[in-house]
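Residue numbers (this note's numbering): 81 to 516.
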């Protein structure tokens with residue numbers, strides 16, 4: 081990471097009106113002889129030689145003022161006493177230092193403005209930026225570098241703005257992107273690259289915004305997707321491809337949001353799924369198919385959330401489940417099925433929670449359990465059955481826990497045991513067991 085240089089800012093002294101120069105001498109601690117600042121003012125303006133100190137007495141800055149403005153040579157120090165910077169306000173060299181003593185930045189000033197080459201270094205002393213100034217404005221060729229010395233950017237300044245060809249590089253030396261700039265904004269044809277050097281995308285900019293047709297590529301060079309931009313937003317038909325070249329997904333954008341019919345394909349070119357968008361949100365019927373063309377699901381959406389009938393199918397064509405959503409939550413009767421088409425369970429939902437009696441079945445269609453629910457918790461009657469249809473057990477739940485007398489039966493229907501649970505269940509779940 082680049083280490084940026086900074087100046088130590090000197091606080092302004094409250095002006096004092098006078099027709100003759102007045103000596104200023106402020107203290108952090110006068111008893112200990114620790115100065116804060118000293119200098120002169122004339123008619124409320126600083127003049128002459130000024131020095132400021134940190135609260136511990138370490139010198140902070142030293143230089144001259146002329147009519148209230150800094151003039152000549154100024155020096156600044158870090159709180160630990162190390163040199164921070166040497167600045168020549170009107171003419172001469174300027175140097176900034178990192179806290180470790182290494183040069184951070186150096187340049188020349190002529191008539192109060194930067195002129196000539198400016199060079200910037202990281203804390204290890206590596207050159208990271210090189211730029212030319214004319215009369216205080218960045219002009220001409222500019223380069224920046226990674227700590228390794230590898231070039232990271234090159235471009236051209238005209239009147240303090242990047243104009244013309246510009247190239248960015250990855251740390252290993254491959255191009256990252258290249259194109260033209262006009263007053264710091266991307267303009268015209270641009271190419272972006274993958275780290276391995278292959279083209280990543282290409283298209284046009286207008287005043288810093290993507291426009292017209294853009295094409296994107298896989299790292300292996302094959303086309304990935306393509307479509308149109310207007311004012312930096314995707315518009316019109318967009319299509320995405322498999323690396324083998326077949327269509328993967330296609331649909332339309334309006335103001336960077338999906339709109340209308342969208343379709344996704346398998347590599348065998350059969351449709352995977354399709355449905356409609358409205359302002360970037362899924363809307364209405366969405367359908368999907370298995371690779372062989374058999375239906376996988378039919379689902380309905382409203383404003384991007386499940387709403388309406390949902391049906392899912394096994395690969396053999398039999399239903400897996402079916403039910404209704406209202407505003408993203410299950411409502412009404414939901415049924416689930418085994419692969420052979422026989423019912424696995426059915427239950428009613430209200431606002432996403434099971435309510436009332438739910439039924440559970442074996443693949444052969446025999447009822448194995450019926451159970452009451454309240455707000456998706458077992459609550460009320462519970463009965464389980466053996467495969468021969470005889471009761472296996474029965475009892476009552478209260479808010480998810482068994483309560484009262486529970487009965488357990490043998491395969492031939494004889495009562496073999498009872499259990500008594502606290503009513504309603506307590507935290508200690510006391511129970512009594514009786515075997516027949």
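Think of the CB as a built atom: it goes at the ideal place given N, C-alpha and C, for glycine as much as any other residue.
Please read these numbers as outputs of a predicted model, since none were measured by experiment.
- With a contact defined as Cβ atoms closer than 8 Å, residue 175 and residue 186 qualify at about 5 Å.
- Separation of the CB atoms of residue 375 and residue 393 is rounded to 5 Å, and the pair is thereby assigned contact status at 8 Å.
- With respect to residue 371, residue 346 sits close: the two C-beta atoms are nearer than 7 Å.
- Nearest neighbour of residue 373 by Cα position, chosen from 243, 211, 348, turns out to be 348.
- Taken in chain order, the complete beta strand (DSSP E) segments of 3 or more residues contained in the stretch 274-359 are 279-286, 289-297, 303-310, 313-321, 327-334, 337-345, 351-358.
- Apart from sequence neighbours up to five positions away, the residues of its chain that approach residue 240 with a beta-carbon distance below 7 Å are 217, 218, ordered along the chain.
- Under the rule that a run must span 3 or more residues, the beta strand (DSSP E) segments found entirely inside the stretch 128-205 read 139-146, 149-157, 163-168, 172-177, 183-190, 193-201.
- Residue 339 and residue 361 have their alpha carbons spaced roughly 8 Å apart.
- Going by DSSP, residue 416 is part of the beta strand (DSSP E) stretching over 409-417.
- With distances taken between CA atoms, residue 106 lies nearest to 137 out of 253, 442, 137, 380.
- When DSSP states are grouped into helix, strand and coil, residue 467 belongs to the coil group.
- Cβ-Cβ separation between residue 258 and residue 271: approximately 6 Å, consistent with a contact (criterion under 8 Å).
- Residue 237 and residue 207 have their C-alpha atoms spaced approximately 19 Å apart.
- Within the stretch 360-385, the complete beta strand (DSSP E) runs of at least 3 residues fall at 361-369, 375-382.
- The alpha-carbon of residue 215 is positioned some 6 Å away from that of residue 194.
- When DSSP states are grouped into helix, strand and coil, residue 230 belongs to the coil group.
- For the set 262, 242, 276, the Cα lying nearest the Cα of residue 253 is the one of 276.
- Take the alpha-carbon of residue 312 and the one of residue 335: they are about 9 Å apart.
- With respect to the 7 Å criterion, residue 418 and residue 443 are classified as neighbours on the basis of their beta carbons.
- Judged by DSSP secondary structure, residue 102 falls within the beta strand (DSSP E) whose first and last residues are 102-109.
- Sorting 306, 493, 221, 245 by C-alpha distance to the C-alpha of residue 469 places 493 at the top.
- Around the C-beta of residue 245, fewer than 16 other C-beta atoms lie within 10 Å, and the residue is accordingly described as exposed.
- Inclusion of residue 381 and residue 363 in the CB contact set at 7 Å is warranted, their separation being smaller than that value.
- In this structure, DSSP gives residue 493 a state outside helix and strand, which the three-state scheme calls coil.
- Spatial neighbours of residue 457 in its own chain (CB-CB distance under 7 Å, excluding positions within 5 residues in sequence) are listed in chain order as 479, 480.
- Taking the CA atoms as reference points, residue 445 sits about 25 Å from residue 411.
- Here residue 429 carries a strand assignment [DSSP, helix/strand/coil].
- Between the alpha carbons of residue 196 and residue 224 lies a distance of about 16 Å.
- Per the coordinates, the alpha-carbon of residue 407 lies some 46 Å from the alpha-carbon of residue 490.
- Rounded to the nearest whole angstrom, the C-alpha separation of residue 267 and residue 303 is 24 Å.
- Of all alpha-carbon atoms in 263, 285, 307, the one lying nearest the alpha-carbon of residue 293 is that of 307.
- Each of 368, 383, 384 was checked against the Cα of residue 377, and the nearest Cα belongs to 368.
- Around the beta carbon of residue 269, fewer than 16 other beta carbons sit within 10 angstroms, so the residue counts as exposed.
- At the C-beta level, residue 202 and residue 179 stay beyond 7 Å of one another.
- The straight-line gap separating the alpha-carbon atoms of residue 262 and residue 309 is approximately 20 Å.
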